[in-house]
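Sequential numbering of the sequence shown, starting at 54, is according to my numbering. A virtual CB, placed ideally from N, CA and C, is assigned to each residue, including glycine. Quick caveat: nothing in here was measured; it's all calculated off a predicted structure. Reviewing the structure listed below.
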Amino acid sequence: MQLRNAALATVFALLLALTASEVSAALDCLYCHRPMTMNKTVHAAVHMGCPTCHENLDVRRVPHLNKGPFPKGLRAEVPALCISCHEQALFEGNMVHAPVNTGLCLECHNPHSSNYPGLLKKKPAALCLNCHSDIENSEHLISGLSTKGHPLGNIRENVEDPKRPGKTFYCASCHEPHRSTLPKLSRYGLGMTSCQTCHDK
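Following this line, the structure appears as C-alpha coordinates:
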(Lines of atoms letter the chains of each structure in order from A and count residues from 1; the text may use other names and numbers.)
(Lines give C-alpha, C1' and ligand atoms only; values in the text may rest on other atoms or scores of the structure.)
Protein backbone atom coordinates (compact mmCIF):
# COMPACT_ATOMS: atom_id res chain seq x y z
CA MET A 1 0.00 0.00 0.00
CA GLN A 2 2.82 2.42 0.92
CA LEU A 3 4.65 1.55 -2.30
CA ARG A 4 1.50 2.25 -4.35
CA ASN A 5 0.98 5.61 -2.59
CA ALA A 6 4.63 6.54 -3.18
CA ALA A 7 4.30 5.67 -6.88
CA LEU A 8 1.13 7.74 -7.20
CA ALA A 9 2.78 10.67 -5.43
CA THR A 10 5.74 10.48 -7.84
CA VAL A 11 3.46 10.43 -10.90
CA PHE A 12 1.44 13.34 -9.50
CA ALA A 13 4.64 15.36 -8.84
CA LEU A 14 5.85 14.72 -12.40
CA LEU A 15 2.52 15.81 -13.85
CA LEU A 16 2.65 19.05 -11.84
CA ALA A 17 6.11 19.75 -13.28
CA LEU A 18 4.92 19.41 -16.88
CA THR A 19 3.62 22.32 -18.94
CA ALA A 20 -0.07 22.42 -19.81
CA SER A 21 0.56 21.12 -23.35
CA GLU A 22 2.64 18.24 -21.99
CA VAL A 23 -0.11 17.42 -19.52
CA SER A 24 -2.64 17.46 -22.37
CA ALA A 25 -0.50 14.93 -24.18
CA ALA A 26 0.07 12.88 -21.04
CA LEU A 27 -3.52 12.88 -19.85
CA ASP A 28 -6.46 12.11 -22.07
CA CYS A 29 -9.04 14.89 -21.67
CA LEU A 30 -11.72 12.30 -22.22
CA TYR A 31 -10.82 10.61 -18.96
CA CYS A 32 -13.02 13.25 -17.30
CA HIS A 33 -14.88 14.73 -20.25
CA ARG A 34 -15.99 11.53 -22.04
CA PRO A 35 -19.74 12.23 -21.50
CA MET A 36 -19.36 15.20 -23.88
CA THR A 37 -18.57 12.75 -26.68
CA MET A 38 -21.02 9.92 -26.02
CA ASN A 39 -23.63 10.96 -28.58
CA LYS A 40 -24.26 9.58 -32.07
CA THR A 41 -22.22 12.23 -33.92
CA VAL A 42 -18.97 13.66 -32.59
CA HIS A 43 -17.60 16.96 -33.92
CA ALA A 44 -14.53 16.45 -36.11
CA ALA A 45 -12.63 18.98 -33.96
CA VAL A 46 -13.00 16.64 -30.97
CA HIS A 47 -11.35 13.85 -32.97
CA MET A 48 -8.50 16.24 -33.83
CA GLY A 49 -7.93 16.82 -30.11
CA CYS A 50 -9.28 19.21 -27.52
CA PRO A 51 -6.47 21.78 -28.09
CA THR A 52 -7.92 22.31 -31.59
CA CYS A 53 -10.34 24.69 -29.86
CA HIS A 54 -9.22 24.80 -26.21
CA GLU A 55 -5.56 25.82 -26.11
CA ASN A 56 -5.44 28.24 -23.20
CA LEU A 57 -6.25 26.02 -20.24
CA ASP A 58 -4.05 25.08 -17.34
CA VAL A 59 -5.14 21.45 -17.10
CA ARG A 60 -3.00 20.90 -14.01
CA ARG A 61 -5.82 22.47 -12.02
CA VAL A 62 -9.37 21.27 -11.59
CA PRO A 63 -11.42 23.19 -12.46
CA HIS A 64 -9.03 24.19 -15.24
CA LEU A 65 -7.63 27.70 -15.08
CA ASN A 66 -8.33 29.78 -18.17
CA LYS A 67 -5.06 31.41 -19.24
CA GLY A 68 -6.42 33.12 -22.35
CA PRO A 69 -8.71 36.03 -23.21
CA PHE A 70 -11.63 33.88 -24.37
CA PRO A 71 -14.03 31.76 -22.28
CA LYS A 72 -13.24 28.10 -21.57
CA GLY A 73 -9.69 28.49 -22.85
CA LEU A 74 -10.86 28.82 -26.44
CA ARG A 75 -8.21 29.96 -28.91
CA ALA A 76 -10.68 32.44 -30.47
CA GLU A 77 -14.13 33.79 -29.78
CA VAL A 78 -17.20 32.17 -31.31
CA PRO A 79 -18.00 32.62 -34.25
CA ALA A 80 -14.39 33.35 -35.32
CA LEU A 81 -13.43 29.96 -33.90
CA CYS A 82 -16.14 28.24 -35.98
CA ILE A 83 -15.16 30.16 -39.12
CA SER A 84 -11.55 29.03 -38.72
CA CYS A 85 -12.68 25.56 -39.89
CA HIS A 86 -16.07 26.09 -41.53
CA GLU A 87 -16.46 27.99 -44.79
CA GLN A 88 -16.78 31.77 -44.41
CA ALA A 89 -19.47 31.67 -47.13
CA LEU A 90 -21.69 29.72 -44.74
CA PHE A 91 -21.99 32.89 -42.67
CA GLU A 92 -22.49 35.47 -45.44
CA GLY A 93 -25.27 36.35 -47.88
CA ASN A 94 -28.08 38.78 -48.66
CA MET A 95 -30.17 37.21 -45.92
CA VAL A 96 -28.38 35.87 -42.84
CA HIS A 97 -30.25 34.06 -40.07
CA ALA A 98 -30.21 36.22 -36.92
CA PRO A 99 -28.31 33.73 -34.70
CA VAL A 100 -25.65 33.35 -37.40
CA ASN A 101 -25.44 37.12 -37.95
CA THR A 102 -24.87 37.72 -34.24
CA GLY A 103 -22.39 34.86 -33.74
CA LEU A 104 -24.68 32.62 -31.70
CA CYS A 105 -23.57 29.32 -33.26
CA LEU A 106 -23.88 27.57 -29.90
CA GLU A 107 -27.56 28.48 -29.57
CA CYS A 108 -28.30 25.77 -32.12
CA HIS A 109 -25.18 23.59 -32.26
CA ASN A 110 -23.42 21.51 -29.62
CA PRO A 111 -19.67 21.99 -30.14
CA HIS A 112 -18.75 18.48 -28.94
CA SER A 113 -21.36 15.87 -29.93
CA SER A 114 -25.05 15.38 -30.59
CA ASN A 115 -27.69 12.77 -31.35
CA TYR A 116 -29.16 15.06 -34.01
CA PRO A 117 -27.93 15.97 -37.51
CA GLY A 118 -25.54 18.88 -37.88
CA LEU A 119 -24.61 18.66 -34.19
CA LEU A 120 -27.93 20.33 -33.36
CA LYS A 121 -28.91 20.61 -29.71
CA LYS A 122 -32.45 19.30 -30.31
CA LYS A 123 -34.56 17.57 -32.91
CA PRO A 124 -34.37 19.96 -35.90
CA ALA A 125 -37.95 21.29 -36.04
CA ALA A 126 -38.10 21.55 -32.24
CA LEU A 127 -34.96 23.67 -32.33
CA CYS A 128 -36.44 26.02 -34.94
CA LEU A 129 -39.65 26.32 -32.94
CA ASN A 130 -37.69 27.50 -29.89
CA CYS A 131 -37.50 30.90 -31.55
CA HIS A 132 -40.27 30.61 -34.14
CA SER A 133 -42.96 29.44 -31.71
CA ASP A 134 -45.60 31.63 -33.36
CA ILE A 135 -45.95 29.13 -36.21
CA GLU A 136 -46.02 25.97 -34.10
CA ASN A 137 -49.79 25.79 -33.63
CA SER A 138 -50.85 27.61 -36.77
CA GLU A 139 -51.01 26.85 -40.45
CA HIS A 140 -47.59 27.78 -41.79
CA LEU A 141 -48.40 30.31 -44.47
CA ILE A 142 -46.67 29.90 -47.80
CA SER A 143 -45.71 33.39 -48.89
CA GLY A 144 -47.53 34.56 -52.01
CA LEU A 145 -50.16 31.80 -51.95
CA SER A 146 -53.69 31.73 -50.62
CA THR A 147 -53.39 28.16 -49.36
CA LYS A 148 -53.74 27.39 -45.67
CA GLY A 149 -50.13 26.40 -45.37
CA HIS A 150 -47.69 23.59 -45.21
CA PRO A 151 -47.29 20.98 -42.48
CA LEU A 152 -44.36 21.59 -40.19
CA GLY A 153 -42.10 18.69 -41.01
CA ASN A 154 -40.37 16.63 -38.34
CA ILE A 155 -43.44 16.83 -36.13
CA ARG A 156 -44.23 13.44 -37.65
CA GLU A 157 -41.27 11.10 -37.44
CA ASN A 158 -39.36 9.73 -40.42
CA VAL A 159 -40.76 11.92 -43.19
CA GLU A 160 -38.00 12.06 -45.80
CA ASP A 161 -37.06 15.28 -47.55
CA PRO A 162 -37.93 14.75 -51.24
CA LYS A 163 -35.10 17.01 -52.46
CA ARG A 164 -32.41 15.96 -49.98
CA PRO A 165 -32.30 12.14 -49.90
CA GLY A 166 -31.38 10.66 -46.55
CA LYS A 167 -32.39 13.81 -44.68
CA THR A 168 -35.52 14.38 -42.63
CA PHE A 169 -38.17 16.78 -43.92
CA TYR A 170 -38.35 19.79 -41.60
CA CYS A 171 -38.01 23.58 -41.67
CA ALA A 172 -34.60 23.46 -43.40
CA SER A 173 -36.16 21.55 -46.29
CA CYS A 174 -37.50 24.91 -47.49
CA HIS A 175 -35.44 27.42 -45.48
CA GLU A 176 -31.66 27.70 -45.29
CA PRO A 177 -30.66 27.57 -41.61
CA HIS A 178 -27.63 29.87 -42.01
CA ARG A 179 -27.92 32.20 -44.99
CA SER A 180 -29.64 32.64 -48.35
CA THR A 181 -29.76 35.02 -51.28
CA LEU A 182 -33.58 34.84 -51.16
CA PRO A 183 -36.12 36.39 -48.75
CA LYS A 184 -37.22 34.36 -45.72
CA LEU A 185 -34.00 32.34 -46.08
CA SER A 186 -35.73 30.36 -48.81
CA ARG A 187 -33.86 27.54 -50.53
CA TYR A 188 -35.87 27.52 -53.75
CA GLY A 189 -37.75 30.82 -54.07
CA LEU A 190 -41.15 32.01 -52.94
CA GLY A 191 -44.66 30.92 -53.83
CA MET A 192 -45.14 28.37 -56.61
CA THR A 193 -41.44 28.37 -57.49
CA SER A 194 -40.73 26.83 -54.12
CA CYS A 195 -43.66 24.40 -54.29
CA GLN A 196 -42.73 23.10 -57.72
CA THR A 197 -39.34 22.10 -56.42
CA CYS A 198 -41.03 19.09 -54.82
CA HIS A 199 -44.58 19.07 -56.20
CA ASP A 200 -45.40 18.50 -59.87
CA LYS A 201 -48.74 20.31 -59.82
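Can you name, in chain order, every residue of its own chain whose Cβ lies under 8 Å from the Cβ of residue i, other than the five neighbours on each side?
i	result
Ser247	Ile195, Cys227, Ser239, Arg240 and Tyr241
Ala98	Thr105, Cys106, Cys138 and Pro164
Thr90	Leu83, Val99, His165 and Ser166
With a threshold of 6 Å on Cβ separation, who are the neighbours of residue i within its own chain once the five nearest residues in sequence on each side are excluded?
i	result
Val95	Ser166
Leu128	Looking at the sequence provided, one finds Arg at residue 128 rather than Leu. If we look at Arg128 and ignore the five residues flanking it on each side, its Cβ neighbours are Glu108.
Asn168	Asn92 and Lys93
Just the C-alpha distance for residue i and residue j, rounded to the nearest angstrom, thanks.
i	j	result
Lys176	Cys161	10 Å
Pro132	Lys93	24 Å
Cys181	Asn119	33 Å
Gly121	Gly102	18 Å
Lys237	Lys174	23 Å
Gly255	Val115	Residue 255 lies beyond the range of the chain shown here (54 to 254); nothing can be said about it.
Cys158	Phe222	22 Å
Ser186	Gln141	29 Å
Pro218	Met245	22 Å
Pro152	Cys184	10 Å
Leu110	Leu143	29 Å
Pro130	Pro124	According to the sequence provided, residue 130 is Glu. The question's Pro does not apply to it. So the two alpha carbons sit approximately 8 Å from each other.
Gly255	Leu134	With the chain running from 54 to 254 in the structure shown, residue 255 is simply not present.
Glu189	Glu213	20 Å
Less than 8 Å between the beta carbons of residue i and residue j, yes or no?
i	j	result
Glu145	Arg87	no
Pro230	His150	yes
Thr250	Lys220	no
Met148	Leu243	no
With DSSP collapsed to three states, give me the class of residue i.
i	result
His100	helix
Thr246	helix
Leu235	coil
Does any residue of chain D have a CB that is nearer than 8 Å to the CB of residue i?
i	result
Ile136	In the displayed structure, chain D is absent; only one protein chain is listed.
Residues in the same chain with beta-carbon distance under 7 Å from residue i, minus the five sequence neighbours each way, listed in chain order, please.
i	result
Ala225	Pro177
Ile136	Phe144
His252	none
Gly156	Val131 and Pro132
* Asked: At which residue ranges does the region 79-166 contain complete beta strand (DSSP E) runs of 3 or more residues, listed in the order of the chain?
  -> Qualifying beta strand (DSSP E) stretches: none in this window.
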